[in-house]
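Using numbering that gives the first Met the number 0, you'd call the opening residue of the sequence shown number 0 and step up by one each time.
Reading through the structure tokens given below for one structure.
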Amino acid sequence: MGTMVRMASAAPRDATLRPPARVCYRATRFSKTVQARSLESGSERARRADAIDWRIEPVRVALVVMPFAAVDRPNLAVGLLKAALRREGIDCEVKYLNLTFWRLLGSAAWATMAGRLPMTALGGEWAFSQAFYGERFSTWESYEREVLEDPLWGVVKADRGAIRAARAAAPGFLRLALESCDWGRYDLVGFTSTFEQTLASLGLARLIRRRYPHVLLAVGGANFEAGMGRPYVEGFDFLDFVSTGEADVSFPALCRNLRAVKAGESRRLEVPPGFLHRRNGSRPAGRGPMVRLDRLPTPDFDDYFRAARRASRGRAPRAGEPGRPWLMLEASRGCWWGAKSHCTFCGLNGSTMRFRAKDWRRVVAESDELLARYGAMPLQFTDNILSMAYFDDLLPFWASRPGEGEKFFEIKANLRRRQVELLHAAGVRDVQPGIESFCDDTLRLMQKGASAAQNVALLRWCAELGIKPAWNVLFGFPGEPAAAYERNLRIMSQIPHLRPPKSCALIRLDRFSPNFADWRGRGFTAIEPLPAYRHVYPFDEAQLVELAYFFRYRQPGLDEAVRRGYALERRRREWWARYESGSQGELAAKPHWQGGYVLVDRRFDRPRRARRLSPRALALLLACDGPAGRRQALARAGAMLDGGDRRGAGRELRRLVAEGAVAEIGSKLITLALLPAPEQLSERPPPGLSAARRA
Numbered sequence: 000m001g002t003m004v005r006m007a008s009a010a011p012r013d014a015t016l017r018p019p020a021r022v023c024y025r026a027t028r029f030s031k032t033v034q035a036r037s038l039e040s041g042s043e044r045a046r047r048a049d050a051i052d053w054r055i056e057p058v059r060v061a062l063v064v065m066p067f068a069a070v071d072r073p074n075l076a077v078g079l080l081k082a083a084l085r086r087e088g089i090d091c092e093v094k095y096l097n098l099t100f101w102r103l104l105g106s107a108a109w110a111t112m113a114g115r116l117p118m119t120a121l122g123g124e125w126a127f128s129q130a131f132y133g134e135r136f137s138t139w140e141s142y143e144r145e146v147l148e149d150p151l152w153g154v155v156k157a158d159r160g161a162i163r164a165a166r167a168a169a170p171g172f173l174r175l176a177l178e179s180c181d182w183g184r185y186d187l188v189g190f191t192s193t194f195e196q197t198l199a200s201l202g203l204a205r206l207i208r209r210r211y212p213h214v215l216l217a218v219g220g221a222n223f224e225a226g227m228g229r230p231y232v233e234g235f236d237f238l239d240f241v242s243t244g245e246a247d248v249s250f251p252a253l254c255r256n257l258r259a260v261k262a263g264e265s266r267r268l269e270v271p272p273g274f275l276h277r278r279n280g281s282r283p284a285g286r287g288p289m290v291r292l293d294r295l296p297t298p299d300f301d302d303y304f305r306a307a308r309r310a311s312r313g314r315a316p317r318a319g320e321p322g323r324p325w326l327m328l329e330a331s332r333g334c335w336w337g338a339k340s341h342c343t344f345c346g347l348n349g350s351t352m353r354f355r356a357k358d359w360r361r362v363v364a365e366s367d368e369l370l371a372r373y374g375a376m377p378l379q380f381t382d383n384i385l386s387m388a389y390f391d392d393l394l395p396f397w398a399s400r401p402g403e404g405e406k407f408f409e410i411k412a413n414l415r416r417r418q419v420e421l422l423h424a425a426g427v428r429d430v431q432p433g434i435e436s437f438c439d440d441t442l443r444l445m446q447k448g449a450s451a452a453q454n455v456a457l458l459r460w461c462a463e464l465g466i467k468p469a470w471n472v473l474f475g476f477p478g479e480p481a482a483a484y485e486r487n488l489r490i491m492s493q494i495p496h497l498r499p500p501k502s503c504a505l506i507r508l509d510r511f512s513p514n515f516a517d518w519r520g521r522g523f524t525a526i527e528p529l530p531a532y533r534h535v536y537p538f539d540e541a542q543l544v545e546l547a548y549f550f551r552y553r554q555p556g557l558d559e560a561v562r563r564g565y566a567l568e569r570r571r572r573e574w575w576a577r578y579e580s581g582s583q584g585e586l587a588a589k590p591h592w593q594g595g596y597v598l599v600d601r602r603f604d605r606p607r608r609a610r611r612l613s614p615r616a617l618a619l620l621l622a623c624d625g626p627a628g629r630r631q632a633l634a635r636a637g638a639m640l641d642g643g644d645r646r647g648a649g650r651e652l653r654r655l656v657a658e659g660a661v662a663e664i665g666s667k668l669i670t671l672a673l674l675p676a677p678e679q680l681s682e683r684p685p686p687g688l689s690a691a692r693r694a
């Protein structure tokens, strides 16, 4: 769950748990009355039916999505679990209570809490921790002083009001959530928790247990992955099950076993592998089975769209709100690059790195089914990385269909132009390419498997094709050279016409990352959970270390890294402000009305200029469309030029570099100016070029 399709690490296979007394009693009573009724005559059974209905009710399950899950998309994890339970004939409803809190809190404060706040402040968790514990160990003053004002991991003053508003709204929301339905009609209520949903989930779970003690309670999701789940089963006695891994198989199995108890077929509730529970909470948990993705059902999002329609009634549709939703799908799990070379800062796929991808035909069928059911809307694929095999089948198929809808994928940055063009033809309009630096030394420290020149090329191709890349710059790696900051700043200053990064940030130390696993060997010292955890949980240090995902650290030269990094962030903010206002300018090779092409440079931080491009200059820009060494670039350009125009190509290349139309990054050259589309070059062939094509 949360992924409660990441519900939990398992109990041993023979682990069992006695259900609450009421469940045992009903199951026993039912089995005895079946025997008695088999001896009755028809008339006796009819008279008894008038007096009492002996039929046992089916198992009913509720899955709950609490704040601060995104409100503009259904939750894929619970959608998959609901569909899996429906396949088993088990009743399941999904409660999107995050939508209720969105309405209660207001869209502005919600946007801050769910979108702008750094996760390291745990602002959403703190707001609901106050509702759960009161001010026993944390007050606003201490939280602000020790967390929000932290120079590295804090929150700007303009955003702090949203946290106070969430804290004020949390108690009333929990009471409203408790009264929103008859929770007693469910046999099991499960909560999904990824990012900041844990304390809100615990708050409602405790209220349900107090009023309906017979209801079984489960939590799962990325916040409980692997060993992180143990402090919860030990510290919150109202939780019956904590899932610490994928739950696509284990959670339906648990519900089937519960049904067997209710039907009198079993006296004990067998707990399948994949769960911690109160009987095994202090023992190492086993792993539940990993699912074959092609065997998963199509997710069921009916409950989300019903709730979203109610929540957005009377409101104009806005991005990030339920009136303009995305459809969530997955084509793969794990990371094929991480299995080969785990990026050192990445803590994703803690126990599920192995890459698994669906058959491309299944992806097509599933996306078509969801679009037919819920209407045309963008598709957001949750994959950590796009399968390269899809460039041979899935993407060409989508590209062959007219009117293909918009899609989002995470991709690797070292794609080729042809692959990016295929993404666009297949309807992909948003990507997250994993661009984290423009310094090759830093990229090697990260084990990214891409070069700075490839990162720049991808950004420019996206701009030419109309694809929006979401990317960041990370700094502060132990061993990162001081020159890395100057290189990043120089490249950022050359490409203000391209889409800016969403942040320039000091690296976090995340659980499951190689940096965390070998923190001493990688140059970190004095690691400990971020201070926010002490304001959310009244646990000792050992428990906080076990449940925390974010850690702070020291390293040699950290203060200087932060100082240099803030210069990058200042540049990014200026860049982003210009980009949002449309005043970032342009750098492009454009057709001239008199024939040929002109280089237009209107980047916001330099003098405006334009000049006619000679055939040599245009050929060199095309030759450096992708990263190229100097000799390679000259050879490519020479192949496009008539013999007489090849002379002076080296001098022209130096001029293009001096103008900033071409960048020299390490040993590679890469064009920065947006280039004419291939069809433009075909319709208006440049004079003097015998083969105006991209290399």
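Don't be surprised by glycine CBs; every beta carbon is placed ideally from N, CA and C.
Quantities reported herein were computed from a predicted structural model and do not represent experimental measurements.
Since P614 and L640 are thought to touch, with beta carbons under 8 Å apart, how far apart are those beta carbons, to the nearest angstrom? 6 Å
Are at least three pairs of beta-carbons, each pair with one atom in the segment 75-92 and one in the segment 153-161, less than 8 Å apart? no
Helix, strand or coil at K411 according to DSSP, with G and I counted as helix: coil
Under 8 Å, with one C-beta from each stretch per pair, do the segment 304-318 and the segment 189-196 reach the 3-pair mark? no
Taking a contact to mean a Cβ-Cβ separation below 7 Å, would you say V427 touches S128 in this structure? no
Option nearest L508 by Cα separation, candidates R355, F476, F538, H496: F476
Rank R607, L680, L598 by C-alpha distance to the C-alpha of V661 and give the top, closest one. L598
When you compare the segment 209-218 with the segment 518-535, are there three or more beta-carbon pairs, one atom per stretch, that lie closer than 8 Å? no
Same chain only: Cβ atoms within 8 Å of S40, ignoring 5 sequence neighbours per side: For S40, the predicted model reports a pLDDT of 41, less than 50, meaning its position is unreliable and no value from the coordinates is stated.
Chain-order list of residues whose beta-carbon lies under 6 Å from that of A199 (same chain, five-residue window excluded): M65, P66, F127
V170 lies in the alpha helix (DSSP H); which residues open and close that run? It is Pro, not Val, that sits at residue 170 in the sequence shown. Start and end: 156-178.
Is W592 buried or exposed, if buried means 16 or more other CB atoms sit within 10 Å of its CB? exposed
Strictly by DSSP, which residues pair up with K667? I664
Just to confirm my understanding: we take E527, look at its own chain, exclude 5 residues before and 5 after, and list those with CB closer than 7 Å. What are they? F550, R551
Determine the extent of the beta strand (DSSP E) in which N514 is found, giving its start and end residues. Unbroken run through N514 is the alpha helix (DSSP H), 513-516; no beta strand (DSSP E).
With a floor of 4 residues, list each alpha helix (DSSP H) that falls wholly inside the segment 556-585, ordered by position along the chain. 557-580
Is the CB-CB distance between M352 and A338 below 7 Å? yes
Exposure label - G202; buried when at least 16 CB within 10 Å: buried
Let me check understanding here. Comparing Cα to Cα, which of L206, A164, D293, A225 lies closest to L175? L206
Given 8 Å as the limit, is there contact between the segment 95-110 and the segment 147-154, that is, 3 or more CB pairs closer than that? no
If you draw a straight line from the C-alpha of F603 to the C-alpha of I490, how long is it? 14 Å
Inter-residue CB distance, G625 and R416 (contact presumed, cutoff 8 Å): 6 Å
Just list the beta strand (DSSP E) runs in the segment 457-503, keeping only unbroken ones of 3 residues or longer that don't cross its boundaries, in chain order. 471-474
Leaving out the 5 sequence neighbours to the left and right, which residues in its chain are closer than 7 Å to F131 when beta-carbon positions are compared? L198, L201, G202
Quick check: the Cα distance between M376 and D301, rounded to an integer number of angstroms? 15 Å
Where Y95 and A306 are concerned, what is the direct C-alpha to C-alpha distance, given to the nearest angstrom? 7 Å
Whole-Å CB distance - L464 paired with H423, under 8 Å assumed: 4 Å
Compare the C-alpha of R459 against each of T441, N487, R498 and name the closest. R498
Opening and closing residue of the alpha helix (DSSP H) in which E678 lies: 677-682
Quick one: residues in its chain with C-beta nearer than 6 Å to the C-beta of R510, no 5 flanking neighbours on either side, listed in chain order? G346, Y548
For R507, the first and last residue of its enclosing beta strand (DSSP E): Segment: none, R507 is in no beta strand (DSSP E) and carries neither H nor E.
Ordered list of alpha helix (DSSP H) runs contained in the segment 268-336, each at least 4 residues: 301-310
Helix, strand or coil for Q446, going by three-state DSSP, please let me know. coil
Top-ranked residue by Cα proximity to L421, from I434, P432, Y389, D558: Y389
Does C334 pass the burial test, meaning 16 or more other C-beta atoms within 10 Å, or should it be called exposed? buried
Are the segment 74-83 and the segment 240-248 in contact at 8 Å, needing three or more beta carbon pairs? yes
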